[in-house]
Every structure is written in structure tokens, then in C-alpha cells.
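> So the sequence shown is residues 0 to 231, counted in numbering that gives the first Met the number 0.
Just so it is clear, CB atoms sit at the ideal spot from N, CA and C, and this is done for glycine as well.
The structure is given below, and queries will be raised subsequently.
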Amino acid sequence: MAGYEKQQQQTLHPGMSAPYYAHPVPPPHQAYYAPPPPAPRRSAPGCFICSIFKLIAIVVIVLGAATLVLWLILRPGAVRATAVSATLARFDLADGHLLQYNLTVDVRVRNPNSFRIRYEYAEAQATYDGERFGYNPVDPFYLEKKSERVVTAAFAGSSPLDDGGARRKYSRERSGGFYFVKVRLYSDLAFKVRVFNARRKSKISCTLKLPVPGSSATPVATQLGTRCAVDF
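Below you can see the structure in the form of C-alpha cells.
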């Protein structure tokens with residue numbers, strides 16, 4: 000036994016004081032298996048419908064913006080109107096409150112645009128101190144491009160003037176020799192700009208300074224040249 004230990008000491012490597020043992024062999028690695036790919040997700044029917052609605056909304060917004068830009072570029076200019084003449088044959092206050100009147104007004108309407116305008120419906124109204132006393136329907140007509148036309152409104156009849164302030168104003172203006180009467184022309188318009196068909200309401204408002212009718216049997220027209228306000 001002693002001889003064996005001596006033989007073992009002799010087999011040690013030089014410079015080593017203890018027996019040398021090799022590191023233990025690591026266990027073999029386990030095989031790696033990649034996880035299966037996830038199953039493709041199916042889009043819900045609701046999401047598909049939402050996408051369609053979003054696409055429709057985008058198309059509508061784009062078309063609306065393009066239409067607005069084209070309209071701003073091609074938008075029509077305002078119609079111009081002038082009261083050229085008026086004939087006030089009668090403007091009497093009977094029994095202190097009944098206004099008897101006979102008034103004819105010629106209004107020149109000018110279209111500065113490169114397209115024609117159709118006045119599909121038009122009516123004229125006359126007021127005195129805010130009270131309407133006359134009404135006259137106007138026949139439909141065309142206003143050709145870059146042209147003008149004279150529209151005549153005729154008022155005749157009687158209407159009560161109930162407001163005390165209006166009667167006092169009538170007395171003052173009769174003494175001063177002039178009446179201030181307002182005539183308005185309300186219209187429904189239709190026109191076409193390039194490929195766009197449009198409809199619009201219009202109002203022409205003219206404030207007229209008319210001389211008190213004289214005693215002559217033949218009324219005389221008053222030349223006015225009064226610019227009218229136009230809401231086109």
C-alpha cells in the first residue's frame with residue numbers, strides 16, 4: 000500500500016502539490032424548438048365598415064374643399080342697381096290716417112358678370128317710415144351677361160297709416176316739399192358659373208326723395224340717379 004502511494008506521488012506533474020482533476024463535462028444542451036408563428040388575425044366586419052366610412056368622409060371633405068376653392072375663385076360679382084326715375088302722382092292722407100298713393104319707379108339693374116342671371120320670382124314693396132303701403136309683383140326676366148335692364152315697379156291704391164309717428168312725419172315732409180319713400184325689390188335668382196348651378200335670394204333697397212305732387216293733371220317724372228343698396 001505504501002508502495003502504491005509512493006508511485007502516485009511520482010506521477011504528479013512537476014510543481015504540483017496536489018492531485019489534478021479535470022473539470023466535469025457539462026450536460027448536453029437541450030434542442031431548441033422555435034414557437035409556432037401566431038395565427039393570422041381576422042379583421043372584424045365592423046372595422047371594415049369603419050374603414051369604408053372613413054374613406055367616404057375623406058372623399059366628401061376633399062370634394063367640398065375643392066368646390067369651395069373654385070367657388071371663391073369664380074364667385075359672381077354683385078349686381079348694381081340705380082333708381083333712375085320716379086313718378087309720384089298721388090300721396091294724400093285722407094281722413095287723417097288713410098294713405099292714398101300712386102307711385103311708379105324705374106330701377107336700372109346691371110349685371111357685371113360673364114354669365115346671365117334669371118330672376119325667377121320678384122316682387123316690389125314700398126314703405127313709408129317703416130310701414131308698408133304698396134306691393135307689386137314683377138314678371139320673371141333674364142339679365143344677360145354684362146348687360147343692364149330697367150325694372151318698373153308700380154304702386155297704386157290706399158293703405159292705413161296707423162302709426163302716429165308716421166303721420167307726424169308725413170305732415171313735416173309735406174310742409175318741407177319732399178317725401179322720403181323706400182322701395183325694395185325682393186328676388187329669387189338662378190345662375191350658372193362654369194359647371195356650378197346656384198340659386199340665391201336678392202334684395203335691392205332704394206331710398207327715394209320725391210317732391211310733393213303738384214296740382215297738375217299730368218304728373219311729371221323725377222329724374223333721380225339714386226344708387227340702391229344690393230344684397231346679392
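Which stretch, first to last residue, makes up the alpha helix (DSSP H) that contains Ala165?
163–175
> Hey, would you say Pro139 sits closer than 9 Å to Arg109, going by beta carbons?
Cβ atoms of Pro139 and Arg109: not closer than 9 Å.
> So what does Cys227 bridge to, in DSSP terms?
None; Cys227 has no bridge partner.
> From Ser232 to Leu98, what does the alpha carbon distance come to, in whole angstroms?
Nothing can be reported for residue 232, as the shown portion of the chain is limited to 0 through 231.
> Do the CB positions of Pro212 and Phe90 come within less than 9 Å of each other?
yes
> Could you tell me how far apart the beta carbons of Val78 and Ser201 are, in whole angstroms, since I believe they sit closer than 8 Å?
7 Å
> Taking contact to mean at least 3 C-beta pairs separated by less than 8 Å, is the region 186–194 in contact with the region 153–171?
Counting Cβ pairs under 8 Å, fewer than three are found: no touch.
> For the candidate residues Phe231, Pro218, Lys208, Asp230, whose alpha-carbon lies nearest to that of Gly234?
Outside the shown range of the chain, which is 0 to 231, sits residue 234, and nothing can be said about it.
> Starting from the N-terminal side, write out each stretch of the beta strand (DSSP E) that is 3 residues or longer and does not extend beyond the region 45–122.
79–93, 97–110
> Between Ala125 and Val180, which are expected to be in contact by the criterion C-beta below 8 Å, what is the C-beta distance as a whole number of angstroms?
6 Å
> Leaving out the 5 sequence neighbours to the left and right, which residues in its chain are closer than 6 Å to Gly232 when beta-carbon positions are compared?
Examination of residue 232 is not possible in this model, given that the chain is present from 0 through 231 alone.
> For Lys181, does the three-state DSSP call read helix, strand or coil?
Lys181 falls in the strand class under three-state DSSP.
> Measuring alpha carbon to alpha carbon, tell me which of Asp187, Ser157, Ser170, Val219 ends up nearest Tyr100.
Ser157
> Out of Ile203, Ser50, Val219, Leu188, which one is the CA nearest neighbour of Ala197?
Leu188
> Please state whether DSSP places Thr217 in a helix, a strand or coil.
coil
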